[in-house]
Structure formats: structure tokens, C-alpha cells
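Numbering that gives the first Met the number 0 numbers the first residue of the sequence shown as 0 and each following residue consecutively.
Virtual Cβ for every residue (Gly too), placed ideally from N, Cα, C.
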Amino acid sequence: MLPTPGLDPDRPAGLRIGPLDLAARVDEALRVQAVAFGLSQEEVGIRRWIVQRHMTCPGARALGAYTDDGALAGFVYGMPNDRAHWWSTIVEPYLRSGGHEDWLDGSFVITELHVHPGFQGHGVGRALITRITDGAAEQRSILSAVDTDSPARGLYRALGYTDLARRVYFPSASLPYAVMGAPLPLRRP
């Protein structure tokens with residue numbers, strides 16, 4: 000049964016949004032990501048290592064969307080951008096060619112945002128991303144998303160994100176990505 004959308008923006012779909020010890024709950028979070036994003040077991044194994052490494056970075060934070068019984072229905076994590084990180088080294092030439100290289104400085108990166116399909120479309124992703132960026136010291140936020148016309152890209156646009164670079168290719172991805180940026184705080188409806 001699908002959740003009923005909640006009226007309280009702090010409890011979308013009846014879920015509680017709060018801090019997530021992602022290092023301790025990485026396997027549960029990756030199960031959500033695997034279902035939401037269609038990851039193979041091999042990809043989950045690689046991402047497990049990446050998530051654990053990211054959570055040791057200065058300023059890395061995570062939030063979860065929890066059901067009443069404490070199960071994880073969605074999560075977001077991010078950190079202040081660091082030009083030395085792998086992601087930045089990949090997107091930098093694309094941003095530079097479009098005159099947006101400065102977005103790599105003073106930005107909070109949304110590294111991952113995933114909501115279990117049974118809870119999508121009820122404001123969970125919006126609540127997670129706005130809550131985590133509201134706590135950022137940076138003046139703006141950047142992220143990458145598959146470069147298609149998807150509900151995720153629609154959400155990001157509604158929050159104020161605009162395309163900074165398109166047709167960005169990551170070495171392990173078969174589909175192109177878009178890099179998007181938004182001033183903080185994010186736009187509210």
C-alpha cells in the first residue's frame with residue numbers, strides 16, 4: 000500500500016525526517032538506492048565503499064526519512080565541495096567550458112538523494128534536500144542527475160536548480176548527466 004501524503008511538511012508521507020548515521024546504516028541506505036536507482040549487487044558493493052569514504056570528509060552530513068517503525072524510506076547526503084574529490088575533477092572541464100567553473104567553490108554538493116519508489120511523489124525528496132541544504136554554511140548547492148526529463152530533474156528545477164552543464168559523462172556511467180546548481184536557501188513552493 001502506498002503512503003498517504005502528509006499535510007505536515009516536516010512529515011511528508013507520514014515519515015519523520017532526521018539525522019542519519021549513514022556509516023552505520025549504509026547497507027539499508029544502499030538497499031533503498033538499489034531499488035530507486037536500479038543498481039546491481041556489484042554496483043552496490045562499489046557504492047558501499049564510496050559512501051563510507053565520503054562520510055569521513057569534513058562537513059559530510061546525512062538525513063534519513065524514517066517510517067514509524069524506524070525503517071529507512073529515503074536518504075540524502077552531501078558535503079562542502081572539494082575540488083580534489085573525484086566528482087569535481089570529472090565535472091570541472093564541463094563547467095569550465097560553460098563558464099561555470101566557479102560553482103565548484105563555496106558550494107554544498109548533494110552527493111546522493113534517493114527515495115524508495117513506494118514513497119516517491121509525496122514530498123519526501125523535497126523535504127530531505129531542503130532540510131540538508133538549510134543546514135549548509137555555503138551560499139549555493141550543486142548536484143548531478145541523469146540528463147533526462149525525469150521527476151527528479153523536475154524537483155530540482157522547482158527548488159531553483161538550473162543546468163550548469165549537460166551531457167556530462169562519468170567513466171562508469173552509461174548515461175549522460177547534467178550538473179545543476181542553485182542558490183541557497185532553496186526555493187519553496
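- Sequence-distant partners of Ala-136 (beyond 5 residues in either direction) whose C-beta falls short of 7 Å from its own C-beta are missing from its chain.
- Judged by pairs of C-beta atoms under 8 Å, the stretch 9 to 26 touches the stretch 51 to 69, as three or more such pairs exist.
- For Leu-103 and Cys-56, the gap between their C-alpha atoms comes out near 16 Å.
- Secondary-structure assignment with DSSP links Tyr-65 through a beta bridge to Arg-15 and Leu-71.
- Remark: C-beta atoms of Ala-151 and Ala-177 do not approach each other more closely than 8 Å.
- Excluding its 5 nearest sequence neighbours in each direction, Ala-126 has C-beta neighbours in its own chain below 6 Å: Pro-11 and Ile-16, listed in chain order.
- In this structure the stretch 28 to 47 does not lie against the stretch 79 to 93, because fewer than three pairs of beta carbons, one per stretch, are closer than 8 Å.
- Between Leu-112 and Val-75 a beta carbon distance of about 4 Å is seen, short of the 8 Å cut, so the two are scored as contacting.
- Sequence-distant partners of Ser-96 (beyond 5 residues in either direction) whose C-beta falls short of 6 Å from its own C-beta are missing from its chain.
- Scanning Arg-187, Ala-28, Gly-13 and Asp-67 for the CA closest to the CA of Thr-129 turns up Arg-187.
- Cβ neighbours of Leu-158 within its own chain (closer than 8 Å, five residues either side excluded): Arg-125, Ile-128, Thr-129, Ala-181, Leu-185 and Arg-186.
- Setting aside the 5 residues that flank it on each side, Leu-154 is surrounded in the same chain by Gly-124 and Arg-125, each with a C-beta closer than 7 Å to its C-beta; the list follows chain order.
- Cα atoms of Tyr-65 and Phe-169: separation of roughly 31 Å, rounded to the nearest angstrom.
- Note on the stretch 117 to 177: whole alpha helix (DSSP H) runs with a minimum of 4 residues are 123 to 133 and 150 to 157, in chain order.
- One thing to note: Ala-172 has its Cβ no nearer than 8 Å to the Cβ of His-115.
- In this structure Gln-138 is exposed. Its beta-carbon is surrounded by fewer than 16 other beta-carbon atoms within 10 angstroms.
- The continuous beta strand (DSSP E) containing Thr-110 extends over residues 106 to 114.
- In the DSSP annotation of this structure, the continuous segment of the alpha helix (DSSP H) that includes His-53 starts and ends at 40 to 53.
- Tyr-93 and Met-179 have their C-alpha atoms spaced approximately 12 Å apart.
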